[in-house]
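Chains as they are written, first to last, in my numbering: chain E, 94 to 208; chain P, 15 to 128.
Glycine included, C-beta positions come from ideal geometry on N, C-alpha and C.
This report refers to the structure that appears directly beneath it.
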Amino acid sequence: DTGVSQDPRHKITKRGQNVTFRCDPISEHNRLYWYRQTLGQGPEFLTYFQNEAQLEKSRLLSDRFSAERPKGSFSTLEIQRTEQGDSAMYLCASSSFRAATDTQYFGPGTRLTVL
Amino acid sequence: AQSVSQHNHHVILSEAASLELGCNYSYGGTVNLFWYVQYPGQHLQLLLKYFSGDPLVKGIKGFEAEFIKSKFSFNLRKPSVQWSDTAEYFCAVNPGGGADGLTFGKGTHLIIQP
């Protein structure tokens with residue numbers, strides 16, 4: 094059984110560039126979540142999908158951020174015109190929905206550094 | 015909106031000491047509660063969870079947590095810690111029955127001295 098995988102694991106970019114991250118959930122999981130974690134903080138929720146539908150977005154997800162899950166399997170998170178404040182660890186999690194017992198399993202994360 | 019407070023950001027203990035990490039949440043309705051652990055260089059792993067039923071839940075590696083509804087608390091305990099328990103511990107909550115994203119506390123960095 095493979096867990097949640099994320100690619101790349103590290104990304105260094107210059108301010109103003111666009112970046113895209115990929116998340117592959119556990120194969121039978123129909124829910125997929127994105128979080129952001131900065132130093133000294135716990136993960137902060139960004140958005141989630143059930144199958145291919147994006148059901149919730151947090152206020153942290155500015156209009157420079159977009160997430161997709163076109164076929165209900167892998168997901169991508171794109172950040173346009175990156176800013177230094179976007180530097181963080183971007184985490185993906187997946188779960189298999191059972192009413193009231195949704196447990197999320199996390200991937201290793203993509204560490205973004207914006208210079 | 016819910017929030018989670020972890021009282022201790024850094025805890026240092028000796029091996030075999032008992033551990034209790036505090037977690038309080040603010041949310042008026044039914045909640046699901048979680049403790050996640052992140053060992054050095056590894057990703058977040060589920061330690062234990064509470065959805066309903068017995069408020070004392072047992073997790074992996076000898077950890078347990080008690081849900082006290084009247085105190086909005088979900089404290090993590092272990093009677094005797096080991097050096098390998100050195101890690102970052104996160105308490106998290108989401109509304110019961112919901113698929114919402116988790117709200118995490120800031121984490122507690124636990125260091126176990128041999």
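Using a cut-off of 8 Å between C-beta atoms, extract the partners of Ala120(P) located in chain E.
For the purposes of this step, residue 120(P) is identified with residue 106 of the second sequence, where counting begins at 1. Reading off the sequence shown, one finds Lys at residue 120(P), where the question assumed Ala. Within chain E, the residues near Lys120(P) are Gly133, Gln134, Gly135.
Beta carbon of Thr95(E), beta carbon of Leu60(P): below 8 Å?
The count along the first sequence starts at 1 and reaches residue 95(E) at position 2. The count along the second sequence starts at 1 and reaches residue 60(P) at position 46. Not closer than 8 Å, so no.
From the DSSP output, read off the bridge partner residues of Ala186(E).
What you label residue 186(E) is simply residue 93 of the first sequence in a count that begins at 1. Paired residue(s): Tyr126(E), Phe199(E).
Have a look at Gly36(P), Leu35(P), Gln16(P), Ser28(P) and flag the residue whose alpha-carbon is nearest the alpha-carbon of Val45(P).
Taking the second sequence and counting its residues from 1, the one referred to as residue 45(P) is at position 31. Closest option to Val45(P), Cα to Cα, is Gln16(P).
Taking His23(P) as the reference, give the member of Lys83(P), Phe104(P), Gly115(P) with the closest Cα.
Translated into the one-based positions of the second sequence, residue 23(P) becomes position 9. Nearest option by C-alpha distance: Phe104(P).
May I have the straight-line CA-CA distance separating Gly73(P) from Asn123(E), to the nearest angstrom?
The sequence position of residue 73(P) within the second sequence is 59, counting from 1. The sequence position of residue 123(E) within the first sequence is 30, counting from 1. So the two alpha carbons sit approximately 25 Å from each other.
Given a limit of 8 Å on CB to CB distance, which residues of the region 60-84 of chain P reach chain E?
Within the region 60-84 of chain P, the qualifying residues are Leu60, Lys63, Phe65, Ser66.
Which residue's Cα is closest to the Cα of Glu78(P): Gly43(P), Glu34(P), His21(P), Ile26(P)?
Along the second sequence, read from residue 1 onward, the residue named residue 78(P) stands at position 64. Taking only the C-alpha atoms, the option nearest Glu78(P) is Glu34(P).
Thinking C-beta only, is Phe199(E) closer than 8 Å to Leu184(E)?
For the purposes of this step, residue 184(E) is taken as residue 91 along the first sequence, with counting starting at 1. For the purposes of this step, residue 199(E) is taken as residue 106 along the first sequence, with counting starting at 1. In this structure, Phe199(E) lies closer than 8 Å to Leu184(E) by Cβ.
Using DSSP with H/G/I as helix, E/B as strand and the rest coil, what is Ile119(E)?
Taking the first sequence and counting its residues from 1, one reaches residue 119(E) at position 26. Three-state result, Ile119(E): coil.
To the nearest angstrom, how far is the alpha carbon of Leu139(E) from that of Trp127(E)?
Against the first sequence, residue 139(E) aligns to sequence position 46. Against the first sequence, residue 127(E) aligns to sequence position 34. Distance between the alpha carbons of Leu139(E) and Trp127(E): 5 Å.
Got a sec: is the Cβ-Cβ distance from Gly115(P) to anything in chain E below 8 Å?
Within the second sequence, numbered from 1, the residue matching residue 115(P) stands at position 101. Yes, its Cβ sits closer than 8 Å to a Cβ of chain E.
Name, going along the chain, the residues of the region 138-157 of chain E whose beta-carbon falls closer than 9 Å to a beta-carbon of chain P.
Under the 9 Å Cβ criterion, the region 138-157 of chain E contributes Phe138, Leu139, Thr140, Tyr141, Gln143, Leu148, Glu149, Ser151.
Out of Glu80(P), Gly43(P), Ala30(P), Asp99(P), which one is the CA nearest neighbour of Cys37(P)?
Taking the second sequence and counting its residues from 1, one reaches residue 37(P) at position 23. Minimum Cα distance to Cys37(P) is reached at Glu80(P).
Check whether the Cβ atoms of Thr206(E) and Ser187(E) lie closer than 8 Å to each other.
One-based indexing of the first sequence puts residue 206(E) at position 113. One-based indexing of the first sequence puts residue 187(E) at position 94. No, these two residues do not count as a Cβ contact at 8 Å.
According to the neighbour-count rule (16 or more other Cβ atoms, all chains shown, within 10 Å of its Cβ), is Phe142(E) buried or exposed?
Looking up residue 142(E) in the first sequence gives position 49. Buried, since its Cβ has 16 or more Cβ neighbours within 10 Å.
Listing by chain order, which chain E residues have their CB less than 7 Å from the CB of His57(P)?
Within the second sequence, the letter at position 43 stands for residue 57(P). Residues of chain E passing the Cβ test: Phe199, Gly200, Pro201, Gly202.
Taking only three categories from DSSP, how would you classify Gln16(P)?
For the purposes of this step, residue 16(P) is identified with residue 2 of the second sequence, where counting begins at 1. Correct three-state label for Gln16(P): coil.
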